[in-house]
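*Asks:* Reminder that position 205 of the sequence shown reads as 496 in my numbering, one-by-one numbering, no gaps. Beta carbons are placed, not taken as given, at the ideal position from N, Cα and C, and that holds for glycine. Values in this document were obtained by computation on a predicted structure and should not be read as measured data.
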Amino acid sequence: MIKKLKAIAGVTLVELLIGIVVSSIMMFALFTSYSAINNSYSQVSDRVEISRTGRLALGMLLKDIRMAGYFDINSIKHGDNQLQPILVYKGGNFNKASRKCDSIAIVYGDTILNEDGTFDYPIYRTLYQCVKSKTQDTKQGKGSGNYVTKDLFAITVTKVKYKPNSDPLKAGTWEDPTTDGDPATFPAEVLIDHVEDMIFNAIDENGKIISPPPNITNENKDKIYSIRSVDIAIMLRSTDEFFKEKRERNTFALSNSDRNKEKTDRYLRDTIVVTAHNRNIGMLR
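1) Considering only their Cβ atoms, is the gap separating residue 571 from residue 360 smaller than 9 Å?
2) For residue 458 and residue 441, which I take to be in contact (beta-carbon distance under 8 Å), what is that distance rounded to the nearest angstrom?
3) Kindly provide the ranges of any alpha helix (DSSP H) runs that are 4 or more residues long and lie completely inside the region 449-497, ordered along the chain.
4) Check for me: the beta strand (DSSP E) holding residue 420 runs from which residue to which?
5) Anyone know if the C-beta pair for residue 417 and residue 397 falls short of 9 Å?
6) What is the rounded straight-line gap between the Cα of residue 516 and the Cα of residue 558?
7) So, helix, strand or coil for residue 372, using DSSP?
8) For the 8 Å Cβ check, are there 3 or more pairs between the region 477-493 and the region 522-536?
9) With a cut-off of 8 Å on the beta carbons, I'd call residue 494 and residue 521 a contact; round off their distance for me.
10) In terms of residue numbering, what span does the beta strand (DSSP E) encompassing residue 532 cover?
11) Buried or exposed: where does residue 470 fall if 16 or more other Cβ atoms within 10 Å of its Cβ makes it buried?
12) Does residue 370 pass the burial test, meaning 16 or more other C-beta atoms within 10 Å, or should it be called exposed?
13) Starting from residue 555, trace the beta strand (DSSP E) in both directions and tell me its first and last residue.
14) Quick one: is residue 448 buried, meaning 16 or more other Cβ sit within 10 Å of its Cβ, or exposed?
15) On a Cα-Cα basis, can you pick out the residue from 524, 463 and 569 that is closest to residue 562?
16) List the endpoints of the continuous beta strand (DSSP E) containing residue 378.
17) Give a yes or no on contact between the region 502-512 and the region 373-387, applying the rule of three or more CB pairs nearer than 8 Å.
18) What's the call for residue 560, buried or exposed, on a 16-neighbour Cβ count within 10 Å?
19) So is residue 343 buried or exposed if we call it buried at 16+ other beta carbons inside 10 Å?
20) Ends of the beta strand (DSSP E) at residue 409?
21) Going by DSSP in three states, residue 400 sits in which element: helix, strand or coil?
22) For the beta strand (DSSP E) containing residue 439, name the first residue and the last one.
23) Is the Cβ-Cβ distance between residue 591 and residue 356 less than 9 Å?
24) For residue 309 and residue 318, what's the separation of their Cα atoms in angstroms?
25) Provide the residue span of the beta strand (DSSP E) that contains residue 542, from first to last.
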């Protein structure tokens, strides 16, 4: 009986402890590998999300800028100063709490076929601008019982319809998109959030920046119809912290070094730049 018990004896305590240690090392190695892969995936996802979000806004801007100044040959022409094809408004107070992004207003016509076979030729204006983000910053303390909002912008887009005056010698008005009955128009809607800056530069036929951007009241008013393209830059910030270390990182803006960002934190910032070529403004002369 004693010999049989010795033949079926289990592992010793030392062997059991060695097995536990080896298993623990293997589990730690697996967990470390999983954490590294998961962090890499999260970083790639954050980069992709920033790129996707920025290109969504740029796609809409490109479409509208390419339409700037278009009017159907059969549409009624209006000599209204409000109908300038592109107006760029420059921001200011860069790197301050009261800073402002650039904004752009784009005017173009459309052609609509009615059910009775007649045509309408409406004129629209789209406005892209920055507003203060309403996203709460839960990493900061509460102020007055609520979380403070993030020190960022959201880009909004508005589309309104032109209503000509019955007196052709008087200016028309831009209708309220909530009451004009036109399904193509809409009040201000948030396009993207977590924006650090948005920049527009009007470029002339010689490839030079028109500064200040032309309008009917400044020294470049004779260059309103000289705009051949618009350089666009949108600087975005990741929603969550991205880097492991908190240190100063520089993000470069478009042509103006005052608008570069020098931030000491762990967030990812990226500037997406594109040039939108308009096709109609040169034809308006």
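*Replies:* This is what the structure gives:
1) Cβ atoms of residue 360 and residue 571: closer than 9 Å.
2) Actually they are not in contact, since the Cβ atoms of residue 458 and residue 441 sit about 48 Å apart, beyond 8 Å.
3) None, since the region 449-497 contains no complete alpha helix (DSSP H) of that length.
4) Residue 420 -> beta strand (DSSP E) spans 414-423.
5) In this structure, residue 417 sits near residue 397, with a CB-CB distance shorter than 9 Å.
6) Taking the straight line from one Cα to the other gives about 41 Å.
7) Look at residue 372 here: in three-state DSSP terms it is helix.
8) The region 477-493 vs the region 522-536: in contact.
9) Contact between residue 494 and residue 521 holds: their C-beta atoms lie close to 7 Å from each other, under 8 Å.
10) Unbroken run through residue 532: none, as it is neither H nor E.
11) Residue 470 should be labelled exposed.
12) Using a 10 angstroms sphere on the CB of residue 370, the tally of other CB atoms stays under 16, which defines it as exposed.
13) Boundaries of the beta strand (DSSP E) around residue 555: 552-556.
14) Residue 448 is buried by the Cβ-count criterion.
15) The residue with the shortest Cα to Cα distance from residue 562 is 524.
16) Residue 378: member of the beta strand (DSSP E) spanning 377-380, first to last residue.
17) Yes, since at least three Cβ pairs between the region 502-512 and the region 373-387 fall closer than 8 Å, the two stretches touch.
18) Buried, by the Cβ-count rule.
19) Exposed, by the Cβ-count rule.
20) Per DSSP, residue 409 is not a residue of any beta strand (DSSP E), being assigned neither H nor E.
21) Here residue 400 sits in strand by DSSP.
22) Counting along the chain, residue 439 sits inside no beta strand (DSSP E), nor does DSSP assign it H or E at all.
23) Nothing can be reported for residue 591: it is not among the residues displayed for the chain, which extend from 292 to 576.
24) Distance between the alpha carbons of residue 309 and residue 318: 14 Å.
25) 538-542 is the span of the beta strand (DSSP E), which, as asked, contains residue 542.
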